[in-house]
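Asker: The working numbering numbers the first residue of the sequence shown as 226 and each following residue consecutively.
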Amino acid sequence: MSAIAHDFVAFLNACPSPYHTVSTAKNLLLKAGFTQLSENSNWSTNSSIKPGGRYFVTRNGSSIIAFALGKKWQAGSPAAMVGAHTDSPCLRLKPRSMRSSEGYLQVGVETYGGGIWHSWFDRDLSLAGRVMVEGADGTYQQQLLRIDKPLLRIPTLAIHLDRTQNEAFKFNNETQMTPILGTVAAQLNAAATTPTKAATVPSSGLLGMPERHHPVLLELIRKELSLSSIDQINDFELVLYDTQKACLGGINDEFVFSARLDNLGCTYASLRGLVDSLDNGSDAAEDSLVRLVSCFDHEEIGSLSQQGADSNFLPAVLERINGSPASTLEGNSASFLISADMAHAVNPNYLGNYESEHKPRINEGVVIKVNANQRYTTNAPGIVLIDKVAQKAGAKLQSFVVRQDSACGGTIGPMLAAKLGVRTIDLGNPQLSMHSIRETGGSQDVDHLVKLLSTFFTEYQTLSTKIFVD
226 MSAIAHDFVA
236 FLNACPSPYH
246 TVSTAKNLLL
256 KAGFTQLSEN
266 SNWSTNSSIK
276 PGGRYFVTRN
286 GSSIIAFALG
296 KKWQAGSPAA
306 MVGAHTDSPC
316 LRLKPRSMRS
326 SEGYLQVGVE
336 TYGGGIWHSW
346 FDRDLSLAGR
356 VMVEGADGTY
366 QQQLLRIDKP
376 LLRIPTLAIH
386 LDRTQNEAFK
396 FNNETQMTPI
406 LGTVAAQLNA
416 AATTPTKAAT
426 VPSSGLLGMP
436 ERHHPVLLEL
446 IRKELSLSSI
456 DQINDFELVL
466 YDTQKACLGG
476 INDEFVFSAR
486 LDNLGCTYAS
496 LRGLVDSLDN
506 GSDAAEDSLV
516 RLVSCFDHEE
526 IGSLSQQGAD
536 SNFLPAVLER
546 INGSPASTLE
556 GNSASFLISA
566 DMAHAVNPNY
576 LGNYESEHKP
586 RINEGVVIKV
596 NANQRYTTNA
606 PGIVLIDKVA
616 QKAGAKLQSF
626 VVRQDSACGG
636 TIGPMLAAKL
646 GVRTIDLGNP
656 QLSMHSIRET
666 GGSQDVDHLV
676 KLLSTFFTEY
686 QTLSTKIFVD
């Protein structure tokens, strides 16, 4: 199996939350010679950005935009862009998560996105995300947390107590999907050995962390972050994740089994494709192009947030690169965006759910997604462009449309196309069990998509001059 498939598996295992994904992306980019910029600084002073440079900027620690300027770049030059997202359906801890029932310690969670929630039952779950930590100097810093052990469990009911479960597994998300953390005895024992600060209510009225979350959980977080006291933990945003590692599988390792393939599969490929396009010998030496990758948070819940694709993040970055609204509009009119999000592979056990002539197969290439009602932005000129890119890359392509009697998902493609006025296409790698806690993709498809995106960056400026649309 190719080294890139193994590298992708390592990427998946490093990214249990959007915050970890952005942190991992930053490290990848820094190693490739990129420079971090800040939205708080003035990019037009001291030559912050210049032709031939490689840069990235983050927002909220969960979205990231990376770009490289050709050595002949000037304001108003076109951009070859790829958009992906860092988030996946998951369970998130509630602001007051402390629960207990019948001798069990439990934590309150809420669903994020449109997950296949029954797949979260009877899994070895743990916590990851970010913690706001108070320092000795009175400042508050974000620290990433990943508890790398089975910590939580959502138990199913024994078949003996409900014989109808195999007919229809129905449950209430609020009352029957509350994870077990441990037993009350564990907290009592911890209380006997670990001194705790007396409960206080700040003048704001917001309860302190020990009154909102189980002290034994806070103590575990303290140890994981090597803090001196749980009082340093001021708040957190934590998601549940499956501790089973991503891996290659199948008789010939033709599959990738993992959580969060949607959409870390395209996030990884877009970042790797950008870096590879710069390190293949061309180094953007002869073009005036902006090569750009944007990976947004909150796609799974509509993208309408400060760090989502429906924010001003990408438009603002493009305007700051170009220096003026007029140059930005000029550049956008000649630019192209690939909206990269995973696609549905045909499931051999559910053939009736697929359009008869559009049944993408795993490891048979990148899927171009089409929808007449603009749930996807794909059109004929875009297909021509990507087909030519694929031919140069040696990558395979497939196509997908939903059945007329089926609902269709959406992507960030339509909103970015409308917001920027940029030509756009929707595509992604095929996978099974999308939005399950354990999804299935193709190990060979990773290479297909990386090659396609890398070649898109290197060939767009030439190919775009050969495809004419008024």
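Just so you know, even glycine gets a beta-carbon here, dropped at the ideal spot from N, CA and C.
Find the nearest neighbour of Arg586 within the set His439, Leu622, Asn557, Gly556, judged by alpha-carbon distance.
Answerer: The residue you call residue 586 lines up with position 361 of the sequence shown. The option with the nearest alpha carbon to Arg586 is Leu622.
Asker: Pop quiz: His583 and Phe625 are said to be a contact at Cβ under 8 Å. What is the actual Cβ separation, rounded to whole angstroms?
Answerer: Stepping through the sequence shown from its first residue, residue 583 is reached at position 358. Stepping through the sequence shown from its first residue, residue 625 is reached at position 400. Right, their Cβ atoms sit about 5 Å apart.
Asker: Pick from Val614, Ala642, Gly638: whose alpha carbon is nearest that of Ala559?
Answerer: Here residue 559 corresponds to residue number 334 of the sequence shown, with the count starting at 1. Considering only alpha carbons, the answer is Ala642.
Asker: For the stretch 440 to 494, which segments carrying the beta strand (DSSP E) assignment without a break, of at least 3 residues, lie completely within its bounds, in sequence order?
Answerer: DSSP runs (the beta strand (DSSP E)) wholly in the stretch 440 to 494: 458 to 467, 472 to 474, 480 to 483.
Asker: For Val247, which option in Glu399, Phe681, Gln629, Gln368 has the closest C-alpha, if you only look at C-alpha atoms?
Answerer: Sequence index remark: in the sequence shown, residue 247 carries index 22 (1-based). For the residues Glu399, Phe681, Gln629, Gln368, the minimum Cα distance to Val247 belongs to Gln368.
Asker: Is Ala393 helix, strand or coil by DSSP?
Answerer: Taking the first residue of the sequence shown as position 1, residue 393 is located at position 168. DSSP places Ala393 in coil when its eight states are reduced to three.
Asker: Compute the distance between the beta-carbons of Glu479 and Gln669, then report whether it is under 8 Å.
Answerer: Taking the sequence shown and counting its residues from 1, the one referred to as residue 479 is at position 254. Taking the sequence shown and counting its residues from 1, the one referred to as residue 669 is at position 444. Their beta carbons are under 8 Å apart, which means Glu479 touches Gln669 by this criterion.
Asker: Given a cut-off of 8 Å, decide if Ala305 and Tyr685 are closer than it, judged by their beta-carbon atoms.
Answerer: Reading the sequence shown from its first residue, position 460 is the one you call residue 685. Reading the sequence shown from its first residue, position 80 is the one you call residue 305. Yes, the pair counts as a contact, with Cβ atoms nearer than the cut-off.
Asker: So the candidates are His231, Val441, Phe259, Ala293; which of them puts its Cα closest to the Cα of Gln331?
Answerer: On the sequence shown, residue 331 is found 106 positions in, with the first residue counted as 1. Checked all of His231, Val441, Phe259, Ala293; the closest Cα to Gln331 is Val441.
Asker: Give the DSSP-derived three-state secondary structure of Ala618 in the structure shown.
Answerer: In the sequence shown, counting from the first residue as 1, residue 618 sits at position 393. Note: Ala618 maps to helix in three-state DSSP.
Asker: In the DSSP assignment, the alpha helix (DSSP H) including Glu544 goes from what residue to what residue?
Answerer: As a position in the sequence shown, residue 544 is number 319, starting the count at 1. Element bounds for Glu544: 538 to 547.
Asker: Pick helix, strand or coil for Arg628, following the three-state DSSP scheme.
Answerer: Taking the sequence shown and counting its residues from 1, one reaches residue 628 at position 403. Three-state result, Arg628: coil.
Asker: Assuming Arg284 and Gln532 are in contact, meaning their beta carbons sit under 8 Å apart, how far apart are those beta carbons, in whole angstroms?
Answerer: The sequence position of residue 284 within the sequence shown is 59, counting from 1. The sequence position of residue 532 within the sequence shown is 307, counting from 1. About 5 Å; that satisfies the 8 Å criterion.
Asker: To test your reading of the DSSP string, which unbroken alpha helix (DSSP H) runs of 4 or more residues are found completely within the stretch 567 to 619?
Answerer: As far as the stretch 567 to 619 is concerned, its whole alpha helix (DSSP H) runs of at least 4 residues are 605 to 618.
Asker: Give the DSSP-derived three-state secondary structure of Leu386 in the structure shown.
Answerer: By 1-based counting over the sequence shown, the position of residue 386 is 161. In the structure shown, Leu386 sits in a helix (DSSP, three-state: H, G or I).
Asker: Within a Cβ cutoff of 7 Å, which residues of the same chain sit near Trp345, ignoring the five residues on either side of it in sequence?
Answerer: Here residue 345 corresponds to residue number 120 of the sequence shown, with the count starting at 1. So the qualifying residues of the chain are Leu316, Ile379, Ile662.
Asker: Keeping to the same chain, check which residues put their C-beta closer than 7 Å to that of Leu450; ignore five residues upstream and five downstream.
Answerer: Along the sequence shown, one-based indexing puts residue 450 at 225. Counting only Cβ-Cβ distances below 7 Å, and skipping sequence neighbours, we find Val356, Val358, Gln368, Leu370.
Asker: The alpha helix (DSSP H) spanning Ala239 covers which residue range?
Answerer: Translated into positions along the sequence shown, residue 239 becomes position 14. 228 to 239 is the span of the alpha helix (DSSP H), which, as asked, contains Ala239.
Asker: Counting C-beta neighbours from all protein chains within 10 Å, is the total for Asn596 16 or more, i.e. buried, or is it exposed?
Answerer: Here the question's residue 596 lines up with position 371 in the sequence shown. The residue is buried, with at least 16 neighbouring Cβ atoms inside 10 Å.
Asker: Rounded to whole angstroms, how far is the Cβ of Gly667 from the Cβ of Val481, which I believe are closer than 8 Å?
Answerer: Against the sequence shown, residue 667 aligns to sequence position 442. Against the sequence shown, residue 481 aligns to sequence position 256. With 8 Å as the limit, Gly667 and Val481 qualify as a contact, their Cβ atoms being about 7 Å apart.
Asker: For the stretch 481 to 491 against the stretch 277 to 297, do three or more pairs of beta-carbon atoms, one drawn from each stretch, fall closer than 8 Å, so that the two count as touching?
Answerer: Flag = no, the stretch 481 to 491 and the stretch 277 to 297 do not touch.
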